[in-house]
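Peer 1: Here this note's numbering runs 58 ahead of the position in the sequence shown, where the first position is 1.
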Amino acid sequence: MRLLFTLMLFTLVPLFAQRPDETDAVATVQKVFDAMAAHDAAAIRSTMLPDARLYSVRDEGAPAASTAVADFATQIAAIKDDLVERFTSQPSVSIRGRMAQVWGEYDFLRNGKFNHCGVDSVGLFKTDEGWKIATIVYTTEIAGCKK
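1) Leaving out the 5 sequence neighbours to the left and right, which residues in its chain are closer than 6 angstroms to residue 101 when beta-carbon positions are compared?
2) Which same chain residues end up closer than 8 angstroms to residue 169 when comparing Cβ atoms and leaving out the 5 residues on each side of it in sequence?
3) Which whole runs of the alpha helix (DSSP H) in the segment 100-187 are 4 residues long or more, in chain order?
4) In the DSSP output, what is residue 199 paired with across the bridge?
5) Give the secondary structure of residue 190 by DSSP, where H, G and I count as helix, E and B as strand, and everything else as coil.
6) Using CA coordinates, which residue listed in 144, 159, 145 is at the minimum distance from residue 151?
7) Can you tell me whether residue 108 is buried or exposed? The criterion is at least 16 other CB atoms within 10 Å of its CB, across all chains shown.
8) Under three-state DSSP, which class holds residue 98?
9) By a C-beta neighbour count over all protein chains shown, 10 Å radius and 16 as the cutoff for buried, is residue 129 buried or exposed?
10) Contact between the segment 110-117 and the segment 78-89: three or more CB pairs below 8 angstroms?
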């Protein structure tokens, strides 16, 4: 019986070993949300690779808008309104080696009022400093949102 328990323990340990990386990847995305709320351009840039890009996917047929991280950080810092972006449910996380994908539904509040919702798809790369965001692809939706 002890042998069986020991074998089960060694079998389950690798499953739990991935959880800290998943938690850290989601925490990196949360740092961006927090930095947006604080209008902190330096904090936004610190979570992303220097050449990271954001892509906004809007209506069908409309081209995706692309923004460099430096421009995004500057734009957010200049906004005077209160901004809150948050996941509306637990995001899914996939990790393979030094690559991660965080995917989740979000809503966005401006001055405490609902503005829009959508899906964030965040690609991350693990560096010596931890997870860094390489891309954020997100939808911007008004209809069909959970309010």
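Built from N, CA and C at the ideal position, the CB exists for glycine as well. Remember, it's a predicted structure, so these values are computed and weren't measured experimentally.
Peer 2: Inspection of the coordinates gives the following:
1) Sequence-distant Cβ neighbours of residue 101 in its own chain, meaning closer than 6 angstroms and more than five residues away, are 93.
2) The residues are 139, 140.
3) Within the segment 100-187, the runs of alpha helix (DSSP H) that reach at least 4 residues and sit entirely inside it are, in chain order, 127-136.
4) 175
5) Assignment of residue 190 by DSSP, reduced to helix, strand and coil, places it in the strand class.
6) Just measuring C-alpha positions, the residue of 144, 159, 145 sitting nearest residue 151 is 159.
7) exposed
8) The answer is coil: DSSP assigns residue 98 none of H, G, I, E or B.
9) exposed
10) No contact exists between the segment 110-117 and the segment 78-89.
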